[in-house]
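If you count the sequence shown from 1, position 237 lands on 259 in the working numbering, and the numbers rise without skipping.
Report on the following structure.
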Amino acid sequence: MIEPLSDPVLFVPLAVLLGLLVGSFLNVVIHRLPIMLEREWHAQCAALRGDAPEAAEPYGLATPRSACPHCGHLIRWYENIPLLSYVWLKGRCSACGQGIAVRYPMVELASGLLAGYAAWHFGYTPQAAAALVLIWALLALTVIDLDTHLLPDRITQPLLWLGLLVNLNGLFAPVEEALMGAVAGYLLLWLVYHAFRLATGKEGMGYGDFKLLAALGAWLGWTLLPLVILAASLVGALVGIALILLAGHERSRPIPFGPWLALGGIIALFWGEGALRLYLGP
Numbered sequence: 023m024i025e026p027l028s029d030p031v032l033f034v035p036l037a038v039l040l041g042l043l044v045g046s047f048l049n050v051v052i053h054r055l056p057i058m059l060e061r062e063w064h065a066q067c068a069a070l071r072g073d074a075p076e077a078a079e080p081y082g083l084a085t086p087r088s089a090c091p092h093c094g095h096l097i098r099w100y101e102n103i104p105l106l107s108y109v110w111l112k113g114r115c116s117a118c119g120q121g122i123a124v125r126y127p128m129v130e131l132a133s134g135l136l137a138g139y140a141a142w143h144f145g146y147t148p149q150a151a152a153a154l155v156l157i158w159a160l161l162a163l164t165v166i167d168l169d170t171h172l173l174p175d176r177i178t179q180p181l182l183w184l185g186l187l188v189n190l191n192g193l194f195a196p197v198e199e200a201l202m203g204a205v206a207g208y209l210l211l212w213l214v215y216h217a218f219r220l221a222t223g224k225e226g227m228g229y230g231d232f233k234l235l236a237a238l239g240a241w242l243g244w245t246l247l248p249l250v251i252l253a254a255s256l257v258g259a260l261v262g263i264a265l266i267l268l269a270g271h272e273r274s275r276p277i278p279f280g281p282w283l284a285l286g287g288i289i290a291l292f293w294g295e296g297a298l299r300l301y302l303g304p
């Protein structure tokens, strides 16, 4: 079975298909994980106050079944096929006719395309399998941060440890560089955060950003962290300027940094080594 899959003509389409399916699940994670965390926080606060926990229906990634947020219509299996169902339903609920957010097919499409590119870039290798996990985690974190300005520990912390594990045998970077990358990634943004707070009295970013950059350092090694930060800063600045000038975004409203760190991580994952060789020369 390995030989046919090693052929990109077969491996890449299979990766795209898998990415589309995982993208559908990522939509569930993106929507439900913040709600799950909020419920846990309320329960913890109630426990600290000595209040009895409120009775609530079980809520997790598997239950309850997906339903239309407008009318409660339970989504049938054929209404949940990645991309195809959205097109077939013309972007509307089959029961009430309310529009389905375009974000859902966009997440599925991004997941599929990135998975296909990872399969083509790395080939049928352990790097490809590991890269898929990293990409999917970054995609989920990106949309959650855009929605809630949160980067949940439920994703960032396991991602950090997994990065160290995959590099035990130097899959993407020597384990020493991975360990230094995790430490440097966290400390770098921690120092920037406190310097900004001391200078302005305001908080410029959250601790989730520190953990995300630490995770990227664990996956990619410390040598690629400058590229991650440079790409994230440039893209984030350009997007911020565009939002202010074209969309009337208020300067006082914060713009999450996590999505740009995630994008910088993906850029470094695919092209970081080439950029490093180009910079350092032969």
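Backbone N, C-alpha and C fix where the C-beta goes; we use that ideal spot for every residue, glycine too.
All figures in this text were calculated on a predicted structure; none of them were measured in a lab.
Beta-carbon proximity check, residue i vs residue j, cutoff 8 Å
{"i": "H253", "j": "F279", "result": "At residue 253 the sequence reads Ala, which differs from the His that was named. No, these two residues do not count as a Cβ contact at 8 Å."}
{"i": "L42", "j": "L161", "result": "no"}
{"i": "I97", "j": "Y108", "result": "no"}
{"i": "V165", "j": "V129", "result": "yes"}
{"i": "L131", "j": "L105", "result": "yes"}
{"i": "N102", "j": "S88", "result": "yes"}
Spatial distance of residue i from residue j (CA atoms)
{"i": "R71", "j": "W244", "result": "44 Å"}
{"i": "G226", "j": "L209", "result": "15 Å"}
{"i": "R176", "j": "A200", "result": "21 Å"}
{"i": "A206", "j": "R114", "result": "46 Å"}
{"i": "F232", "j": "V155", "result": "20 Å"}
{"i": "I323", "j": "R219", "result": "As shown, the chain starts at 23 and ends at 304. That puts residue 323 outside it, with no answer to give."}
{"i": "L242", "j": "W99", "result": "38 Å"}
{"i": "L190", "j": "L235", "result": "19 Å"}
{"i": "L213", "j": "I57", "result": "31 Å"}
{"i": "P196", "j": "T147", "result": "17 Å"}
{"i": "A65", "j": "G294", "result": "43 Å"}
{"i": "L247", "j": "V257", "result": "15 Å"}
{"i": "R275", "j": "I266", "result": "10 Å"}
{"i": "G94", "j": "L238", "result": "39 Å"}
{"i": "V51", "j": "A221", "result": "37 Å"}
{"i": "Y215", "j": "H171", "result": "16 Å"}
{"i": "P86", "j": "A259", "result": "40 Å"}
{"i": "W63", "j": "S46", "result": "27 Å"}
{"i": "P91", "j": "E60", "result": "18 Å"}
{"i": "Q120", "j": "W110", "result": "14 Å"}
{"i": "K112", "j": "C118", "result": "13 Å"}
{"i": "K4", "j": "G296", "result": "This structure cannot speak to residue 4, because the chain is shown only from 23 to 304."}
{"i": "L135", "j": "L163", "result": "17 Å"}
{"i": "A217", "j": "V261", "result": "24 Å"}
{"i": "P30", "j": "E198", "result": "32 Å"}
Residues of its chain near residue i, where Cβ-Cβ distance is below 7 Å and the 5 sequence neighbours each way are ignored
{"i": "D167", "result": "L173, P278, G280, P281"}
{"i": "A153", "result": "A140, F144, L291"}
Spatial neighbours of residue i in its chain, beta-carbon cut-off 6 Å, leaving aside the 5 residues before and after
{"i": "A150", "result": "A140, A141, F144"}
{"i": "V44", "result": "S133, W158"}
{"i": "G286", "result": "V250, A253, A254"}
{"i": "D188", "result": "According to the sequence as given, residue 188 is Val; it is not Asp. Cβ neighbours of V188 beyond the five flanking positions: A152."}
{"i": "L298", "result": "none"}
Status (buried if at least 16 other CB within 10 Å, exposed otherwise) for residue i
{"i": "I24", "result": "Reliability fails at I24, whose pLDDT of 44 lies under 50, so the model's placement of it is uncertain and the value that follows must be treated cautiously. Exposed, since its Cβ has fewer than 16 Cβ neighbours within 10 Å."}
{"i": "Y126", "result": "buried"}
{"i": "P35", "result": "exposed"}
{"i": "E76", "result": "exposed"}
{"i": "A78", "result": "exposed"}
{"i": "L268", "result": "exposed"}
{"i": "A284", "result": "buried"}
{"i": "A37", "result": "buried"}
{"i": "L181", "result": "buried"}
{"i": "S300", "result": "One detail in the question is off: residue 300 reads as Leu in this sequence, not Ser. It is exposed - the Cβ of L300 has fewer than 16 other Cβ atoms within 10 Å."}
Contacts around residue i, its chain only, beta-carbon distance under 8 Å, and the 5 residues preceding and following it disregarded
{"i": "R54", "result": "Y81, G82, L83"}
{"i": "A74", "result": "A68"}
{"i": "W183", "result": "A240"}
{"i": "M202", "result": "G239, G243, W244"}
{"i": "I263", "result": "none"}
{"i": "D169", "result": "I52, P56"}
Cβ distance (whole Å) where residue i is taken to contact residue j below 8 Å
{"i": "A204", "j": "L186", "result": "7 Å"}
{"i": "L40", "j": "A137", "result": "6 Å"}
{"i": "T178", "j": "G230", "result": "6 Å"}
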